[in-house]
Structure formats: structure tokens, C-alpha cells
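Under my numbering, the sequence shown has 108 at position 108, and the numbering climbs by one with no breaks.
Below: the structure, in C-alpha cells.
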Amino acid sequence: MSTDAPSDDLLALLGERRVREILAATSREPMSAKELSEECDVALSTIYRRVEDMIDQGLLVERTQIEPDGSHHSVYEANVDHLSVDIDDGAIDVSVHVREDAAQRFSRIWNDIREQ
Numbered sequence: 001m002s003t004d005a006p007s008d009d010l011l012a013l014l015g016e017r018r019v020r021e022i023l024a025a026t027s028r029e030p031m032s033a034k035e036l037s038e039e040c041d042v043a044l045s046t047i048y049r050r051v052e053d054m055i056d057q058g059l060l061v062e063r064t065q066i067e068p069d070g071s072h073h074s075v076y077e078a079n080v081d082h083l084s085v086d087i088d089d090g091a092i093d094v095s096v097h098v099r100e101d102a103a104q105r106f107s108r109i110w111n112d113i114r115e116q
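Structural data, given as C-alpha cells:
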């Protein structure tokens with residue numbers, strides 16, 4: 001599955017080193033904002049701003065992690081399988097190919113069948 005975000009916005013976002021660090025870290029395992037702040041050695045406020053931008057562009061997803069004691073907090077996970085940049089006829093197009101779990105894949109296939 002892919003999403004087409006505005007190419008200029010997405011390329012500008014990916015041009016930021018901190019964004020690439022967050023994407024790399026969250027591709028290994030879901031991480032909280034605090035863990036990302038420590039991993040990337042940046043202020044928590046910077047992490048929250050970048051994470052929000054990355055969610056808007058489809059690069060990250062936010063999930064709620066419930067602890068054994070019942071407390072919960074947000075963790076962020078890379079939502080990217082791969083990115084593609086296509087240059088054709090003077091236009092640049094950037095596509096984010098997102099990860100799909102089994103339920104998402106089933107829903108997409110079912111919806112495709114129903115539309116036929």
C-alpha cells in the first residue's frame with residue numbers, strides 16, 4: 001500500500017537529520033518520545049514536533065502501549081516499508097509505501113473485491 005504525500009513537504013522533512021534518526025530508530029522497535037529523545041540526543045520538544053510532522057506525512061504511527069501495572073503511554077513505530085522517488089516528464093513524485101499488518105491487508109483486499 002502506498003500513500004502520496006506532497007513531494008516537496010516529504011523531501012524537506014526527510015532532509016532533516018533528526019527525522020532520519022527517528023525513522024531509523026523506530027524501524028528497529030517502537031519507542032516512546034522519551035526513548036527517542038535519549039536515542040537521538042535531542043530535546044523532548046524537538047522529538048514531539050518531528051514526530052507530529054512524521055505522522056502527518058505517513059512515516060510513523062502512534063500506538064498506545066499498556067504496561068503490566070495498567071499504566072499506558074504512546075510509542076511510535078516506523079510505518080514505512082520503502083520510499084520511492086519517480087522522476088518523469090519534468091515532475092518529481094515521492095511515494096511512501098507503508099507497512100500493513102494482516103488485518104489491514106485483509107481489509108484492503110476485501111474492499112478491492114467489493115469495489116469490483
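Yeah, the Cβ is synthetic: ideal placement off N, Cα and C, and Gly gets one too.
With contacts defined as CB atoms closer than 8 Å, L11 and M54 fail to qualify as a contacting pair. A straight-line Cα-Cα distance of about 5 Å links R99 and D81. L44 counts as exposed, since fewer than 16 other C-beta atoms from the protein chains shown sit within 10 angstroms of its C-beta.
Contact between the stretch 62 to 69 and the stretch 35 to 49 is absent: fewer than three C-beta pairs spanning the two stretches fall below 8 Å. With a beta-carbon spacing of about 6 Å, S7 and D93 fall inside the 8 Å limit used to define contacts.
Looking at the backbone, the Cα of D86 and that of H97 are separated by about 13 Å. At a cut-off of 4 residues, the continuous stretches assigned as alpha helix (DSSP H) that sit fully inside the stretch 27 to 108 are 33 to 40, 44 to 56. With respect to the C-alpha of P30, the residue from R17, H73, E16 having the closest C-alpha is H73.
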